[in-house]
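Read the structure below first, then the notes.
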């Protein structure tokens, strides 16, 4: 969901990763210590034919105005290669940071 409500000083609309499915129910029934699958955000394919270099810039805010992430939580960025295989290119473990962080690859 793209909204402004959970970010502190948002640059644009933000995507929230709240552990809830599209009906508002938690992915995990273990409320005290949920683990496993959570939210994903996938873009449309970006054609990069005949491009010899590119960079990917994004901002992230682990807590914002919502619940702080657990140490076991993670934020992962994956790209799909030419063989249609997802490859992890960046990740951060759960941490409490109130300000927006800028990252680029």
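Residue numbers (the numbering used here): 0 to 104. Beta carbons are placed, not taken as given, at the ideal position from N, Cα and C, and that holds for glycine.
Quick test of your reading: residue i and residue j, contact by CB under 8 Å. State the CB separation rounded to the nearest angstrom.
i          : j           : result
residue 74 : residue 91  : 5 Å
residue 38 : residue 24  : Contact flag wrong, Cβ pair sits at about 13 Å.
residue 59 : residue 102 : 7 Å
Counting contacts by CB-CB distance shorter than 8 Å, is residue i in contact with chain C?
i          : result
residue 42 : As a matter of chain content, chain C is missing from the structure shown, which is built from one protein chain.
Where do the N-terminal and C-terminal ends of the beta strand (DSSP E) with residue i fall, by residue?
i          : result
residue 90 : 85-92
Taking Cβ to Cβ, would you say residue i is nearer than 8 Å to residue j?
i          : j          : result
residue 14 : residue 56 : no
Taking residue i as the reference, which of the options has the closest Cα?
i          : options           : result
residue 43 : 78, 102 and 89    : 78
residue 45 : 71, 80 and 58     : 80
residue 18 : 84, 68 and 76     : 68
residue 71 : 47, 27 and 93     : 93
residue 76 : 84, 89, 51 and 82 : 89
| Along the chain, which unbroken stretches of the beta strand (DSSP E) at least 3 residues long are found entirely within the region 45-78? | 56-59
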